[in-house]
């Protein structure tokens, strides 16, 4: 939703004419009023924001500083996949650590680029696993996002908390996988992101013994060992994520995703990844957004998608 | 919280994780949530704060049941298995929510995963965000003292509370049904004709009704006024085309106040799409 | 900072593209179609949706017609195309003498073996290829602009683009870059010397104008880096341990990808500086990544719309928060 324009009074020229007039002036003299940034003296700033996001982020008093990226190519430990018995349910700690390290390096590079821009943080980070390749099955991780900095109009600031006595975080650039829109909404409610947090657990699921299989092949029963194994590995991933956010002094984590991937190791080795953005309440209390109810007049047809009758 | 009878079935790591997010003196514990930012803020608007991501899992081996080739029949043992496995996952999720001392769970998603390694076994997962009410004057828990559960999104949850309803519990009914093959005579008599197939109609009809009535039974046991957002899901999983699971699932609700008047919504047309 | 120590090199020159993309450059069919459309009483075509059309009309513009810009472009031979892969073992000392490479970013990764006779790894920027890619995209944008000019339009919105390799019988790689958009015009306003171009939808365009911004031009940034591993490809992790068993970050390749992105962003910003203060909606339009045992090639093409502020909107109203009573799917 955009801001409604200041409708020009009849004596004033139409916005479209003002816009075209600006394009007729050489770059550097596009601005009309006072206090406007003069282009030409400053380099253009790139963002991957949509127009909506750009408007909303600027509305909260943050200015974009440029796109920043981080890459890491990482070779997992050669023996990481092995050294586990076929019948064992356990975590492959070397693989967990290497996947965590690779992501951390990519995010570190992204933060370093943001620091070079003197940014407060990076929003809209997309951290992607871009495949494993080569003989060593190297992981390739890529992170990209837009660096932002609070201006003097900022409604909330990343590095201060007014109420409780927690020390402000110094110099750390926050990262967040929330969109510019989500960032603006959180800011209006009094929150700022403090960092993307994640937990990784790579788990080996045992092959079942033939005897076991024979005993249960006709029964309807819970497989307790495997239940515990998978349950445990997810909990470990979530716990690690929570520990990371404790270290950041966060109040909570929003938008947590739990992803499962087998990457290149075959079906018995599963990576559980828990990832989300840790947030912190910096206003004195949660500010209500006072949402209004609207009834969109768009297609409100009853969903009779035939696929739903057959399940997925 | 130590492992007691009530927390049976949860792995030790779960208890440790939940303990770490509990409130300590003077400071609210860390919350985790898979709600989107929109949902998170609307849950806050509704007067709740998220406590933590709660989760339950059960890996269940689903056996085989003998059935008559021609007969339309419910496969009771399979129905029982599918139901029990989901119940186990849900119960563990509820236990996690209980450990956190929360009033309810929103945004519950139930899913069934099949892995390459487990022939005829499936993982049933329930995952959601535990929430607690900011005000303590309304009792949000169910009459059994358990946290409420609901598969409504944050947006729906806010709207529901605005309209004066409270979610009570995620209710479901399932029915695994064997649709019998038709006899040669029946096939012959309908060849080249436009005709209803009463044998099949009756089978599918009955299975759906059974699943729905079981769901309604659950809601009645909870003392609900009604069920919203019912989804009817049909899946054959790995049983082939003649054995189908019918699952009915929805959120049972109860009234919070006698009237259900909401603020007059504004009509809008978005140009966005 | 992980990047190389020196400042990023200047962007590849695109001077060659001006001049060549003159008006005569457009095919006859395009010129007759556009002249027809521009004539009084002519019919406009547009690929705007109804919502987009109403958004564009609301802020005082009318569609002028659909415009196209495209090019089929060949990357010249520099003596190494078609041989990549085998090159890692033969280039050695020639690295710094080949003209295409001179002046660009390059970085050497010393072999960590303690013994002699080993070969270091190199990362270097493929300036020749970068220049080609930049020119291909710039040509397409220029033609889009020329078509809009023929229609008497002030700008182009909703530009969609793609590029793909053309399987032509040529030993050098050939790509096609295509762009399509809708030219719009403001009745009664004198023509601009250069119509603006933008990949923003009609609605986004309208929101920009409402908030005091106007699109300047589509801008492009390109980066291409080749990386040749030395004798120990797992450089920088564990000296003396052979490649296969080493574990840890593969720094040389991380640097290649990192710098490639950085160069693309840098060029994009340089390109945009003549058109506005911000670039919105930057999109990775093409991304290519190939690697073999010891060589890797990365390229990145980024496209965005440079926007210019024309008016300070004092205290814009904050957006309203609404909850739709329509189905919200999770």
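Residue numbers (the numbering used here), protein chains in the order written: chain A, 1 to 312; chain B, 1001 to 1273; chain C, 2001 to 2330. Backbone N, C-alpha and C fix where the C-beta goes; we use that ideal spot for every residue, glycine too.
Helix, strand or coil for residue 2059 of chain C, going by three-state DSSP, please let me know.
It is coil, neither helix nor strand.
Going along chain A, which residues have a C-beta under 7 Å from residue 2318 of chain C?
Within chain A, the residues near residue 2318 of chain C are 59.
Spatially closest choice to residue 2184 of chain C from C/2206, C/2255, C/2223, by CA coordinates:
C/2206
Hey, is the stretch 263 to 270 of chain A in contact with the stretch 278 to 295 of chain A, meaning 3+ C-beta pairs nearer than 8 Å?
no
Closer than 9 Å between beta carbons: that is the criterion. Which residues of the stretch 63 to 74 of chain A meet it against chain C?
64, 66, 67, 68, 69, 70, 71, 72, 73, 74
Would you list the residues sitting across from residue 1109 of chain B in a DSSP beta bridge?
The bridge partners DSSP lists for residue 1109 of chain B are B/1127.
Compute the distance between the beta-carbons of residue 139 of chain A and residue 99 of chain A, then report whether it is under 9 Å.
yes
Indicate the three-state DSSP secondary structure (helix, strand or coil) for residue 1071 of chain B in the structure shown.
coil
Could you please tell me which residues of the stretch 272 to 291 of chain A, in chain order, have their CB closer than 8 Å to any CB of chain C?
289, 290, 291
So, are the CB atoms of residue 194 of chain A and residue 157 of chain A less than 9 Å apart?
Not a contact, by the Cβ cut-off of 9 Å.
Nearest to residue 103 of chain A by alpha carbon, out of A/220, A/75, A/294?
Residue 103 of chain A has its Cα closest to that of A/75, out of A/220, A/75, A/294.
For residue 2106 of chain C, the first and last residue of its enclosing beta strand (DSSP E)
2106 to 2109 is the extent of the beta strand (DSSP E) around residue 2106 of chain C.
With a threshold of 9 Å between beta carbons, is residue 2238 of chain C in contact with chain B?
Interpretation of residue 2238 of chain C is limited by its pLDDT of 39, a score under 50 that renders its predicted location unreliable; the figure taken from the coordinates is listed afterwards. No, its Cβ sits nowhere closer than 9 Å to a Cβ of chain B.
According to the Cβ coordinates, are residue 2219 of chain C and residue 2268 of chain C closer than 9 Å?
yes
Below 7 Å CB to CB, which residues in the same chain sit around residue 47 of chain A once its five sequence neighbours on both sides are set aside?
54, 64, 67, 146
Quick check on this structure: which residue in A/179, A/199, A/26 has the alpha carbon closest to the alpha carbon of residue 275 of chain A?
When A/179, A/199, A/26 are compared, the shortest CA-CA separation from residue 275 of chain A is found for A/199.
Would you mind telling me which residues of chain B sit closer than 8 Å to residue 2325 of chain C, beta carbon to beta carbon, in chain order?
1159, 1265
For residue 1084 of chain B, which three-state DSSP category applies?
In the three-state DSSP reduction, residue 1084 of chain B falls in the helix class (H, G or I).
Cβ contact (3+ pairs, closer than 8 Å) linking the stretch 2132 to 2150 of chain C and the stretch 2188 to 2206 of chain C:
In this structure the stretch 2132 to 2150 of chain C touches the stretch 2188 to 2206 of chain C; the number of beta carbon pairs closer than 8 Å is three or more.
Terminal residues of the alpha helix (DSSP H) in which residue 1190 of chain B lies
1184 to 1190
Between the stretch 1032 to 1042 of chain B and the stretch 1067 to 1076 of chain B, are three or more C-beta pairs nearer than 8 Å?
no
Can you tell me which residues form a DSSP beta bridge with residue 1064 of chain B?
Its beta-bridge partners do not exist; DSSP assigns none.
Hey, does residue 2057 of chain C have any beta-carbon neighbour from chain B nearer than 9 Å?
no
Per-residue burial, residue 2129 of chain C [other beta carbons within 10 Å of its own, 16 or more giving buried]
Sixteen is the threshold: when 16 or more other Cβ atoms of the shown chains lie within 10 Å of the Cβ of residue 2129 of chain C, as they do, the residue is buried.
With distance defined between alpha-carbon atoms, name the residue in C/2301, C/2297, C/2288 nearest to residue 2263 of chain C.
C/2301
Can you say whether residue 292 of chain A is buried or exposed, counting buried as having 16 or more other CB atoms within 10 angstroms of its CB?
exposed
Check whether the stretch 226 to 237 of chain A and the stretch 112 to 130 of chain A touch, using three or more Cβ-Cβ pairs below 8 Å as the test.
With the cut-off at 8 Å, the stretch 226 to 237 of chain A and the stretch 112 to 130 of chain A do not touch.
For the 8 Å Cβ check, are there 3 or more pairs between the stretch 1189 to 1200 of chain B and the stretch 1209 to 1229 of chain B?
no
Quick one: does residue 293 of chain A have its CB under 9 Å from some CB of chain C?
yes
Determine which residues share a DSSP beta bridge with residue 2228 of chain C and list them.
C/2122, C/2295
Collapsed DSSP secondary structure at residue 1205 of chain B in the structure displayed:
Judged by DSSP in its simplified three-state form, residue 1205 of chain B adopts helix.
Going along the chain, which residues of the stretch 2154 to 2173 of chain C sit with their C-beta nearer than 9 Å to a C-beta in chain A?
2154, 2155
Could you spell out where the beta strand (DSSP E) holding residue 256 of chain A opens and where it closes?
252 to 261
Would you mind telling me which residues of chain A sit closer than 7 Å to residue 2304 of chain C, beta carbon to beta carbon, in chain order?
Within chain A, the residues near residue 2304 of chain C are 46.
Just to confirm, are residue 2125 of chain C and residue 2109 of chain C a CB contact at a threshold of 9 Å?
The answer is no: Cβ separation not under 9 Å.
Expressed to the nearest angstrom, what Euclidean distance is found between the alpha-carbon atoms of residue 18 of chain A and residue 2275 of chain C?
16 Å
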